[in-house]
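A.B. asks:
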Amino acid sequence: MSADAAATLVASPLVTLDPSAVLALGSVLEAVGEAVFDAPLWVLEQWYWLMDWVYYATGLEMLNPRYRFMHRAILVGLCVGVMAPLIGTFLVHRQLALIGDALAHTGFAGVAVGLFLNAVIDLGVSPYLTAVVVAMIAALCIELISEVTDAYNDVSMAIVLSTGFALGTTLISLNAGGLAVGVNQFLFGNLSTVSPGSAAILLVLFAVIVSTVAVTRNQLLYVTFDETAAAVSGIPVNWYNRVMVMLTAMVVVGAMQIMGVILVAAMLVVPVAGATQVSRSFSESLVVSVVLAELAVLLGIAAAYYGGVTAGGIIVLFAVAIYVCAVVLGKLQSARGERAAPETGHIEADGVDAGTGD
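For the sequence shown, the working numbering begins at -7 and goes up steadily by one.
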């Protein structure tokens, strides 16, 4: 904020702030803004340094310092491997596994909106940033449609999914202002298209998602396993439902970079489904699902680089193969009586204070 603008603001009869205080506030907000944008880029630089060190220690060609896009793809993949199961574990136990698919299609609409605006008015904004905004709005619409119309969640998800994909395809078909869209990279994902800007956005989303779940974990867990009791105990169930779907939207857009619209929902579901086969509690299932997701991501990215295949598809195939192995292992454990749960796939909720959700 300039000195003239601050003086004008203070001169208003509705404002009685000290000009020095206004200038100080403007400086603080500017510093916070710079920190928000600079911190992810600093992390990215440190990641480059780490990948260079690993390359010189192992000689792995895909980690060659010339291939910075691979370094960014691995970083994005590792973040997705944490975020997707972290949110997916709650979704699967709430029987909302398909919400990721709905939000992925609206995320695609958000990408189309960003590309459209950049072509028409030269807005200069990242399509992934507009995808985050559109997907979060769509997530809220899913909840609001269910609350206002008393429709089942699958009905509201179907409405939002079809609307989002229709909007995206319409904007692309307009070809306004010379709009040219590489549709395949958004539908199927592409390792080489992970730019420093999109990786920075993903890092911010990662920090928001992990910190939010860490703070609200007990409340989300209580709402997941006993929504009625949570409401009776005073927990604002609708508010936490909205938090969950908005976090899901962030995960979907972040994972879209390497997974694509069509396959992004798989990372929310498949690793979690595998973890439930060999876990006895919610917390154990959460940890195991992250491990399985990371394994699928790393194997998939390596196979995509050395085999020349689409990253999203091969990552999902590895995730499904790991799921099959988990099912077999779970059956063997059940047959040997090594598990306390009465049947494979049964997950018990962790202990939560029923009075407060804390």
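Glycine residues also receive a C-beta, built at the ideal position from the N, C-alpha and C atoms. Note that the coordinates shown come from a computational prediction; the quantities given were computed from them, not determined experimentally.
Can you tell me whether S271 is helix, strand or coil according to DSSP?
C.D. replies: What you label residue 271 is simply residue 279 of the sequence shown in a count that begins at 1. In this structure, S271 counts as coil in the three-state DSSP scheme.
A.B. asks: Quick one: what's got a C-beta closer than 8 Å to E219's C-beta in the same chain, skipping five residues either side?
C.D. replies: On the sequence shown, position 227 is the one that residue 219 refers to. Only V229 meet the Cβ criterion.
A.B. asks: Could you confirm whether any beta carbon from chain D is found closer than 7 Å to the beta carbon of G92?
C.D. replies: Of the protein chains in the structure, only one exists, and it is not chain D.
A.B. asks: When you compare each of V224, I164 and V205 to M238 by their alpha carbons, which one comes out closest?
C.D. replies: One-based indexing of the sequence shown puts residue 238 at position 246. When only C-alpha atoms are compared, the closest one is V205.
A.B. asks: Beta-carbon within less than 7 Å of V289's beta-carbon, same chain only, minus the 5 sequence neighbours each way: which residues are those?
C.D. replies: Sequence index remark: in the sequence shown, residue 289 carries index 297 (1-based). If we look at V289 and ignore the five residues flanking it on each side, its Cβ neighbours are G69, L70, V72, G73 and I307.
A.B. asks: Any chance the region 145 to 165 sits against the region 101 to 109, with 3 or more Cβ pairs inside 8 Å?
C.D. replies: Yes, the region 145 to 165 touches the region 101 to 109.
A.B. asks: Is the region 77 to 97 touching the region 259 to 270, taking contact as three or more C-beta pairs under 8 Å?
C.D. replies: Counting Cβ pairs under 8 Å, three or more are found: they touch.
A.B. asks: Since F61 and L183 should fall inside the 8 Å C-beta cutoff, what is the C-beta to C-beta distance between them, to a whole number of angstroms?
C.D. replies: Residue mapping note: residue 61 aligns to position 69 of the sequence shown, counting from 1. Residue mapping note: residue 183 aligns to position 191 of the sequence shown, counting from 1. With a Cβ gap of about 6 Å, F61 and L183 count as contacting.
A.B. asks: M236 to L212, Cα distance in whole Å?
C.D. replies: Translated into positions along the sequence shown, residue 236 becomes position 244. Translated into positions along the sequence shown, residue 212 becomes position 220. Roughly 8 Å between the two C-alpha positions.
A.B. asks: Ends of the alpha helix (DSSP H) at D114?
C.D. replies: Counting from 1 along the sequence shown, the entry for residue 114 is found at position 122. That residue, D114, is in no alpha helix (DSSP H); it is neither H nor E in DSSP.
A.B. asks: Identify, in the order they occur along the chain, each residue of the same chain with its Cβ nearer than 7 Å to the Cβ of V301, setting aside the five sequence neighbours on each side.
C.D. replies: In the sequence shown, residue 301 corresponds to position 309, counting from 1. If we look at V301 and ignore the five residues flanking it on each side, its Cβ neighbours are A295.
A.B. asks: Take the Cβ of G246 as the centre, count every other Cβ of all protein chains shown within 10 Å, and call the residue buried at 16 or more, exposed below.
C.D. replies: Taking the first residue of the sequence shown as 1, we reach residue 246 at position 254. G246 should be labelled buried.
A.B. asks: By the 10 Å Cβ neighbour count, where 16 or more other Cβ atoms means buried, how is T122 classified, buried or exposed?
C.D. replies: Numbered from its first residue, the sequence shown carries residue 122 at position 130. T122 is buried by the Cβ-count criterion.
A.B. asks: With distance defined between alpha-carbon atoms, name the residue in Y120, G304, R272 and A96 nearest to V253.
C.D. replies: Taking the sequence shown and counting its residues from 1, one reaches residue 253 at position 261. Considering only alpha carbons, the answer is A96.
A.B. asks: Does DSSP classify I306 as helix, strand or coil?
C.D. replies: Against the sequence shown, residue 306 aligns to sequence position 314. Helix at I306.
A.B. asks: Hey, out of A241, I113 and L33, whose CA is closest to A127's CA?
C.D. replies: To locate residue 127, count along the sequence shown from 1; it is residue 135. The shortest C-alpha separation from A127 is found at A241.
A.B. asks: State buried or exposed for V243, treating a residue as buried only when at least 16 other CB atoms are found within 10 Å of its CB.
C.D. replies: As a first step, residue 243 must be located in the sequence shown, where it is residue number 251. Its Cβ being crowded by 16 or more others within 10 Å, V243 is buried.
A.B. asks: Compare the beta carbon distance of G304 and M248 with 7 Å and say whether it is the shorter of the two.
C.D. replies: Working through the sequence shown from its first residue, we reach residue 304 at position 312. Working through the sequence shown from its first residue, we reach residue 248 at position 256. No, Cβ-Cβ distance for G304 and M248 is not below 7 Å.
A.B. asks: Using the beta-carbon count (16 or more within 10 Å), is Q269 buried or exposed?
C.D. replies: Here residue 269 refers to the residue found at position 277 of the sequence shown. With 16 or more other Cβ atoms within 10 Å, it is buried.
A.B. asks: Kindly indicate which residue of Y315, I193, A223 and F310 has the alpha-carbon position closest to the one of V35.
C.D. replies: Within the sequence shown, residue 35 is the residue found at index 43, counting from 1. Nearest option by C-alpha distance: I193.
A.B. asks: I'd like the list of long-range same chain contacts for S148, defined as Cβ closer than 7 Å, with 5 residues on each side in sequence excluded.
C.D. replies: What you label residue 148 is simply residue 156 of the sequence shown in a count that begins at 1. Hits under 7 Å: I134, I137 and S138.
A.B. asks: Among E276, A318, N233 and A223, which residue has its Cα nearest to the Cα of G266?
C.D. replies: Against the sequence shown, residue 266 aligns to sequence position 274. With distances taken between Cα atoms, G266 lies closest to A318.
A.B. asks: Quick one: what's got a C-beta closer than 6 Å to P57's C-beta in the same chain, skipping five residues either side?
C.D. replies: To locate residue 57, count along the sequence shown from 1; it is residue 65. Excluding residues within five positions, the ones whose Cβ falls inside 6 Å are D44.
A.B. asks: Nearest CA to the CA of A311: which residue from Q325, V282 and G322?
C.D. replies: For the purposes of this step, residue 311 is identified with residue 319 of the sequence shown, where counting begins at 1. Closest by alpha carbon: V282.
A.B. asks: How would you call S190, buried or exposed, if buried means at least 16 neighbouring beta carbons within 10 angstroms?
C.D. replies: Locating residue 190 in the sequence shown gives position 198, counting from the first residue. Burial call: buried.
A.B. asks: Considering only the alpha carbon of each residue, which of V316, Y48, S271 and L255 lies closest to F180?
C.D. replies: Indexing the sequence shown from 1 puts residue 180 at position 188. Residue L255 is the option with its Cα nearest to F180.
A.B. asks: Could you tell me which of F178, G226 and T208 sits nearest to P119, measuring between CA atoms?
C.D. replies: Your numbering for residue 119 matches position 127 in the sequence shown. The shortest Cα separation from P119 among F178, G226 and T208 belongs to F178.
A.B. asks: From E286 to R234, what distance separates their C-alpha atoms?
C.D. replies: Looking up residue 286 in the sequence shown gives position 294. Looking up residue 234 in the sequence shown gives position 242. Using only the alpha carbons, I get a separation of about 27 Å.
A.B. asks: Starting from T185, trace the alpha helix (DSSP H) both ways and give me its first and last residue.
C.D. replies: On the sequence shown, residue 185 is found 193 positions in, with the first residue counted as 1. Run containing T185: none; DSSP gives neither H nor E here.
A.B. asks: Quick one: using the 10 Å Cβ neighbour count with 16 as the cut-off for buried, is I227 buried or exposed?
C.D. replies: Position 235 of the sequence shown holds residue 227. Its Cβ being crowded by 16 or more others within 10 Å, I227 is buried.
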